[in-house]
Amino acid sequence: MSPTAVTPPAADRSADLAELLAACVSDPARVSTEVPRRVAAAHDASPYLFTPQAVVRAASAAEVGALMAGARRAGLPLTLRSGGTSLAGQAGGDGILVDVRSHWRSATVLDDGLRIRLQPGLTVRQANARLTRYGRRLGPDPASESACTIGGLVANNSSGMNCGTQDNAYRTMESIQFVLPSGTVVDTAAPDADQALRAREPELHAGLLRLRDRIRDSAASRATVERLFAMKNTMGYGLNSFLDHSDPADMLAHLMIGSEGTLGFVGEAVFRTVPLLPHTATGLLVLPGLAEATDALPALLAVGARTAELLDAASLRVAQQAPDPVDEVRGLRVERHAALLVEFAEDNAEALAARVAAARPVLDRLPAVTGTSLVRDPRVRARLWHLRKGLYTAVAGARRPGTTALLEDIAVPMERLTRTCEGLIGLFDRHGYQDAVIFGHARDGNLHFMLTQDFDSVQETERYARFTDAMVDLVLDAGGTLKAEHGTGRAMAPFVRRQYGDELYDVMRELKQLCDPHGVLSPGVLLADDPAAHLHSLKSVPEVDPAVDACVECGYCEPVCPTADATTTPRQRIALQREIALATAAGDDERRRALEADYTYAAVDSCAADSLCVTACPVTIDTGAVMKRLRADRHSATAQRAGNATARHWGTAVKGVRAALNTAHVLPAPALRAATGAVRRLGTGELVPAWADDIPRGGPARPAPRRPAEPQAVFFAACIGSVFAPEGTAGGVSAAFLRLCERAGVQVTVPGELAGLCCGTPWQSKGYTDGHRTMAARTLEALWQASDHGRLPVVCDASSCTHGLEQLPDSLPEPDRVRFAALRFVDSVVFAAEHLLPALPEPRRMSSLALHPTCSTVHLGIDGALRSVAAAVSDDVTVPDNWGCCAFAGDRGLLHPEITARATAAQAAEIKAGTYDGYASCNRTCEMGMTRATGHPYRHVLELLDEATA
Numbered sequence: 002m003s004p005t006a007v008t009p010p011a012a013d014r015s016a017d018l019a020e021l022l023a024a025c026v027s028d029p030a031r032v033s034t035e036v037p038r039r040v041a042a043a044h045d046a047s048p049y050l051f052t053p054q055a056v057v058r059a060a061s062a063a064e065v066g067a068l069m070a071g072a073r074r075a076g077l078p079l080t081l082r083s084g085g086t087s088l089a090g091q092a093g094g095d096g097i098l099v100d101v102r103s104h105w106r107s108a109t110v111l112d113d114g115l116r117i118r119l120q121p122g123l124t125v126r127q128a129n130a131r132l133t134r135y136g137r138r139l140g141p142d143p144a145s146e147s148a149c150t151i152g153g154l155v156a157n158n159s160s161g162m163n164c165g166t167q168d169n170a171y172r173t174m175e176s177i178q179f180v181l182p183s184g185t186v187v188d189t190a191a192p193d194a195d196q197a198l199r200a201r202e203p204e205l206h207a208g209l210l211r212l213r214d215r216i217r218d219s220a221a222s223r224a225t226v227e228r229l230f231a232m233k234n235t236m237g238y239g240l241n242s243f244l245d246h247s248d249p250a251d252m253l254a255h256l257m258i259g260s261e262g263t264l265g266f267v268g269e270a271v272f273r274t275v276p277l278l279p280h281t282a283t284g285l286l287v288l289p290g291l292a293e294a295t296d297a298l299p300a301l302l303a304v305g306a307r308t309a310e311l312l313d314a315a316s317l318r319v320a321q322q323a324p325d326p327v328d329e330v331r332g333l334r335v336e337r338h339a340a341l342l343v344e345f346a347e348d349n350a351e352a353l354a355a356r357v358a359a360a361r362p363v364l365d366r367l368p369a370v371t372g373t374s375l376v377r378d379p380r381v382r383a384r385l386w387h388l389r390k391g392l393y394t395a396v397a398g399a400r401r402p403g404t405t406a407l408l409e410d411i412a413v414p415m416e417r418l419t420r421t422c423e424g425l426i427g428l429f430d431r432h433g434y435q436d437a438v439i440f441g442h443a444r445d446g447n448l449h450f451m452l453t454q455d456f457d458s459v460q461e462t463e464r465y466a467r468f469t470d471a472m473v474d475l476v477l478d479a480g481g482t483l484k485a486e487h488g489t490g491r492a493m494a495p496f497v498r499r500q501y502g503d504e505l506y507d508v509m510r511e512l513k514q515l516c517d518p519h520g521v522l523s524p525g526v527l528l529a530d531d532p533a534a535h536l537h538s539l540k541s542v543p544e545v546d547p548a549v550d551a552c553v554e555c556g557y558c559e560p561v562c563p564t565a566d567a568t569t570t571p572r573q574r575i576a577l578q579r580e581i582a583l584a585t586a587a588g589d590d591e592r593r594r595a596l597e598a599d600y601t602y603a604a605v606d607s608c609a610a611d612s613l614c615v616t617a618c619p620v621t622i623d624t625g626a627v628m629k630r631l632r633a634d635r636h637s638a639t640a641q642r643a644g645n646a647t648a649r650h651w652g653t654a655v656k657g658v659r660a661a662l663n664t665a666h667v668l669p670a671p672a673l674r675a676a677t678g679a680v681r682r683l684g685t686g687e688l689v690p691a692w693a694d695d696i697p698r699g700g701p702a703r704p705a706p707r708r709p710a711e712p713q714a715v716f717f718a719a720c721i722g723s724v725f726a727p728e729g730t731a732g733g734v735s736a737a738f739l740r741l742c743e744r745a746g747v748q749v750t751v752p753g754e755l756a757g758l759c760c761g762t763p764w765q766s767k768g769y770t771d772g773h774r775t776m777a778a779r780t781l782e783a784l785w786q787a788s789d790h791g792r793l794p795v796v797c798d799a800s801s802c803t804h805g806l807e808q809l810p811d812s813l814p815e816p817d818r819v820r821f822a823a824l825r826f827v828d829s830v831v832f833a834a835e836h837l838l839p840a841l842p843e844p845r846r847m848s849s850l851a852l853h854p855t856c857s858t859v860h861l862g863i864d865g866a867l868r869s870v871a872a873a874v875s876d877d878v879t880v881p882d883n884w885g886c887c888a889f890a891g892d893r894g895l896l897h898p899e900i901t902a903r904a905t906a907a908q909a910a911e912i913k914a915g916t917y918d919g920y921a922s923c924n925r926t927c928e929m930g931m932t933r934a935t936g937h938p939y940r941h942v943l944e945l946l947d948e949a950t951a
């Protein structure tokens, strides 16, 4: 009898896989097979969900090649993932998920910005930030530029609102370095790239020549390729490469563009850039119907409109529901109307004026129902663009909990655009998608449509399948493409054969076999023979919390999250909540316990709670606030009472902390480290930091009361400047601010109760809600009196505390919120820029200054004021390209220093690579965090201004 095969236990298989993959990378800590890490990484912006068996953060092309070989040995597929913003399912897989974002964020500007070399982990916005100073930008301009990465831009052949087909990733790529599944690395910038490819991959080289000739020799194939790629088209592989290029290395480089990680890994790309046109004029042209809108396009494009965005009647109705709709749609009785958002742009004001003047006759002939004015005011233009970009927010945010927001895109020849729009609207009605909207890049015949879908029932999935089949018929009958910008992914993979025909589909199949003979890279993405593949592995979205249920898992929050490289991101924090709910519903207690145990630190405790996520989230979810609430939920009544008592006796508590810090500095450091370590092990890890030698001494007392006869403001010196001593020796920012006021002849009041007051952030951040309410009532009452019932502004000298003061009323009952609504809180940096600088002596300027804005300056919208003050003390002010929140977050950097270390690593490296005369920020704990990260003394910018004008 043959022995019975025994499947190894799951834990053994996981351990074996971890061991195999650890051998492929230099640091085994970058390999994880733990359930929470795999589940967190699984979620992306698509409606699909695949949980990988392992997640690996690769750090080099050699490691990626080794991991491909490891996946082949393990018999598992490998998926490359960077930003995870792709909408069609190409960023997920159930084998090995390789993160090519965390260690891939290098950028090198070449030829004064005419070219740029980029790695896949950088976002498009981050890349463009490096080009702005040269007056250049990348050609592709996807709407997701704040979150989509260069890896996705290359993998999906991204385009956008302005670039058309001439400036997309395919057209502007100059050279790339890529890794084939065999491990071969090809750099097409090398002059002998083609010879090297032939020597290392002879079968692939010969096969590419064979496929090239096969397409070129077929009149029908050539005609199909030319027709489809005359439009925006990301459906299937970029077969136009076989017509546009002759050498296999060049063909393969361009085939990598849009291949969605199924042919190889692009580790570096050099792009030609395009001019940044800063002078723009924008108008929203509301027309009687779709036909009138599309009929207007040829003339508008002929006179130089660079952008022409189409909005259907449903989109206009959504726009009217905004709290403050733009004038063009306010009061409009929308029937069958449509609108074009058009924009003209030039590199100087004179050229723009000439362009607009030339367009005026065309504009005047349009049957626009609300006028054809063009505006140049940036604020008004921003409102018009917010209408267009806010459609996703409005529809996704208003969808029924438990449903998924689907954003699809197609393209058709321009002459069939109206008929296709009308056909889509008919399909929406026929299949019950009453909330669907159509918008898109009309200049390219490229339409986006958005609808919401529930995948938790067979009936709903079948409805989606019927709609998709009808939509495919509509688009292909119009001679269009089923994917214009978003990539084929899994959503349209079953329809590639139908769009291209059997012959060209076979070419694609052979191309995949040549590059990836073992089928390791993302099987099922881009090509799928199963006609129902797009209906498998659809994501379930359970309701978990009204504060986060609107999340579409788009990942826009991740680039601004300081814990993204350390623990989890806001998207992952929400996804893990959903996974816990699903495990609970399924009765999978083992999985639930594993996820919940990990969540405490990885999600709740490690969160900096800086809420930068809400500034990036399209549906305005504040995950930081949710984490603070979860901290509050786990506090006992005794803990809440202790927090409340601390709030009532805050002045005494601050004195105690100052004394303790001063005492600590005279004790042996080893003894302190041992003592604090022991205390933390007793369960006080969220209250007591481990001692570190760079923790400052206690700071000076807060300023004494002042009651001048004619004050211009109330000065609220933040207690953090009293808890921790400043880097300088002149009393810190509070003393500096008061000296600046005296020097400028500005009188300020200092409340007598100041020593016992606080902005409330320590209680809010830690979830001590009772103490937060107590401090809010005490502080706001004192400031109400000191400010003469809101007549005087309240000036605070720490940006996070200014932000905290603004939020204080939210913790009070409605009558008190109304009462204190007249209070105005102003950061000291803004007050200095507006009231002190004009009256101060000319500052003595240093040559160079490194400046660290804070997350609070972003929330407050005062980065401009901060830069203005910094520019007053330095000839050259540098904010690092890699700037981000330092994650020190009050005491979070003391309690969890590993979080700040990861959050600041990139910007610290950038600072260390330069030489500066000074280092500044505007918040004491952020200064501490950056000092720790860089080894350079960061100080409040007002301390530097004080010294420069003394």
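The sequence shown begins at 2 in the working numbering and counts up by one.
Cβ coordinates follow ideal geometry from the N, Cα and C atoms, glycine included.
Residue ranges of each beta strand (DSSP E) run of no fewer than 3 residues wholly in the segment 31–75, ordered along the chain?
55–58
Alpha carbons only, please: which of G66, R820, T803, D811 is nearest the one belonging to V831?
For the purposes of this step, residue 831 is taken as residue 830 along the sequence shown, with counting starting at 1. Closest by alpha carbon: T803.
G441 - partner residues in DSSP beta bridges
Working through the sequence shown from its first residue, we reach residue 441 at position 440. According to DSSP, which records beta bridges pairwise, G441 is partnered with L311, L448.
So, is P571 buried or exposed, given that buried needs 16 or more other C-beta atoms within 10 angstroms?
Your numbering for residue 571 matches position 570 in the sequence shown. Its Cβ being crowded by 16 or more others within 10 Å, P571 is buried.
Tell me, please, whether the segment 709–721 touches the segment 797–814 by the rule of three or more beta-carbon pairs shorter than 8 Å.
yes
Can you give me the C-alpha to C-alpha distance between P279 and R464, rounded to a whole angstrom?
Walking along the sequence shown from the start, residue 279 turns up at place 278. Walking along the sequence shown from the start, residue 464 turns up at place 463. Using only the alpha carbons, I get a separation of about 46 Å.
Is D328 helix, strand or coil when you go by DSSP?
Residue numbering aside, residue 328 sits at position 327 when the sequence shown is read from its first letter. Correct three-state label for D328: coil.
Which class does Q435 belong to by DSSP, given the choice of helix, strand or coil?
Residue mapping note: residue 435 aligns to position 434 of the sequence shown, counting from 1. Coil, per DSSP.
Candidates G237, Q127, G284, of which the one nearest S374 by Cα
Within the sequence shown, residue 374 is the residue found at index 373, counting from 1. S374 has its Cα closest to that of G284, out of G237, Q127, G284.
Give the C-beta separation of A726 and P690 to the nearest angstrom, bearing in mind that I take them to be a contact with Cβ-Cβ under 8 Å.
Taking the first residue of the sequence shown as position 1, residue 726 is located at position 725. Taking the first residue of the sequence shown as position 1, residue 690 is located at position 689. Between P690 and A726 the Cβ distance is about 16 Å, and since that is not below 8 Å, they are no contact.
With DSSP as the reference, label A888 as helix, strand or coil.
Here residue 888 refers to the residue found at position 887 of the sequence shown. It is coil, neither helix nor strand.
6 Å CB neighbourhood of E310 in its chain, flanking five on each side removed:
Taking the sequence shown and counting its residues from 1, the one referred to as residue 310 is at position 309. These residues qualify, in order along the chain: L342, R389.
When DSSP builds the beta bridges, which residues end up paired with C339?
For the purposes of this step, residue 339 is identified with residue 338 of the sequence shown, where counting begins at 1. A small correction: the amino acid at residue 339 is Ala; Cys does not occupy that position in the sequence shown. According to DSSP, which records beta bridges pairwise, A339 is partnered with L288.
Would you report the Cα separation of A565 and P121, rounded to the nearest angstrom?
Here residue 565 refers to the residue found at position 564 of the sequence shown. Here residue 121 refers to the residue found at position 120 of the sequence shown. Cα-Cα distance, rounded: 16 Å.
Going by other Cβ atoms of all chains shown within 10 Å of its Cβ, with 16 needed for buried, is K540 buried or exposed?
Here residue 540 corresponds to residue number 539 of the sequence shown, with the count starting at 1. Looking at its Cβ environment, which holds 16 or more other Cβ atoms inside 10 Å, K540 is buried.
Taking the C-alpha atoms as reference points, what is the distance between R574 and A41?
Mapped onto the sequence shown, residue 574 falls at position 573. Mapped onto the sequence shown, residue 41 falls at position 40. Spanning the two alpha carbons is a distance of roughly 8 Å.
Report the rounded CA-to-CA distance for V497 versus E64, giving the unit in angstroms.
To locate residue 497, count along the sequence shown from 1; it is residue 496. To locate residue 64, count along the sequence shown from 1; it is residue 63. So the two alpha carbons sit approximately 32 Å from each other.
Measuring only the C-alpha atoms, how far is A254 from Q54?
In the sequence shown, residue 254 corresponds to position 253, counting from 1. In the sequence shown, residue 54 corresponds to position 53, counting from 1. Each residue's Cα considered, the two are about 30 Å apart.
Start and end of the alpha helix (DSSP H) containing T780?
Walking along the sequence shown from the start, residue 780 turns up at place 779. From DSSP, the alpha helix (DSSP H) with T780 extends over 770–787.
Quick check on T1: buried or exposed, where buried means 16 or more other Cβ atoms within 10 Å of its Cβ?
Residue numbering for the chain in the displayed model covers 2 to 951; residue 1 lies beyond these limits and cannot be assessed.
Please identify the residue among R380, G391, L364, V370 whose C-alpha is closest to the C-alpha of R337.
As a working mapping, residue 337 is identified with position 336 in the sequence shown. Minimum Cα distance to R337 is reached at V370.
If contacts are defined as beta-carbon pairs under 8 Å, then R868 and A949 qualify, I think. What distance do you get, rounded to the angstrom?
In the sequence shown, counting from the first residue as 1, residue 868 sits at position 867. In the sequence shown, counting from the first residue as 1, residue 949 sits at position 948. Contact flag wrong, Cβ pair sits at about 16 Å.
Are three or more beta carbon pairs between the segment 521–528 and the segment 251–271 nearer than 8 Å?
yes
For the beta strand (DSSP E) that I411 lies in, which residues bound it at each end?
Along the sequence shown, read from residue 1 onward, the residue named residue 411 stands at position 410. Looking at the DSSP string, the run of the beta strand (DSSP E) that includes I411 is 405–412.
Close Cβ partners of A866 (< 7 Å) along its chain, the five nearest in sequence each way excluded
Counting from one through the sequence shown, the residue named residue 866 turns up at place 865. Contacts found: V830, V831, A834.
Which of the three DSSP states, helix, strand or coil, is assigned to F456?
Counting from 1 along the sequence shown, the entry for residue 456 is found at position 455. If DSSP states are grouped into helix, strand and coil, F456 belongs with coil.
State whether the segment 666–676 contacts the segment 732–741, with contact taken as three or more CB pairs (one from each stretch) at a distance under 8 Å.
no
How far does the beta strand (DSSP E) with T935 in it reach, from first residue to last?
Start at 1 with the first residue of the sequence shown, and residue 935 comes out as number 934. Looking at the DSSP string, T935 is not in any beta strand (DSSP E); the run it does join, the alpha helix (DSSP H), is 925–935.
Would you be able to state if there are at least three C-beta pairs under 8 Å between the segment 141–155 and the segment 419–434?
no
Taking only three categories from DSSP, how would you classify M2?
To locate residue 2, count along the sequence shown from 1; it is residue 1. Residue confidence is low: M2 scores 30 on pLDDT, short of 50, so the model does not pin down where it sits. Its coordinate-derived value is still stated next. In this structure, M2 counts as coil in the three-state DSSP scheme.
Could you pull the start and end residues of the alpha helix (DSSP H) that F243 belongs to?
Walking along the sequence shown from the start, residue 243 turns up at place 242. First-last of the alpha helix (DSSP H) with F243: 242–245.
Nearest-angstrom Cα separation, counted from V26 out to V655
Mapped onto the sequence shown, residue 655 falls at position 654. Mapped onto the sequence shown, residue 26 falls at position 25. Straight-line Cα distance between these residues: approximately 48 Å.
What did DSSP end up calling E815 once you bin it into helix, strand or coil?
As a first step, residue 815 is located in the sequence shown; it is residue number 814 there, counting from the start. It is helical.
Identify whether S219 lies in helix, strand or coil by the three-state DSSP scheme.
Indexing the sequence shown from 1 puts residue 219 at position 218. If DSSP states are grouped into helix, strand and coil, S219 belongs with coil.
Can you find the residues in the same chain that come closer than 6 Å, C-beta to C-beta, to L452, ignoring five residues on each side of it along the sequence?
The count along the sequence shown starts at 1 and reaches residue 452 at position 451. Answer for L452: L407, Y434, A437, listed in chain order.
Where V267 sits in the DSSP three-state scheme:
Taking the first residue of the sequence shown as position 1, residue 267 is located at position 266. In this structure, V267 counts as strand in the three-state DSSP scheme.
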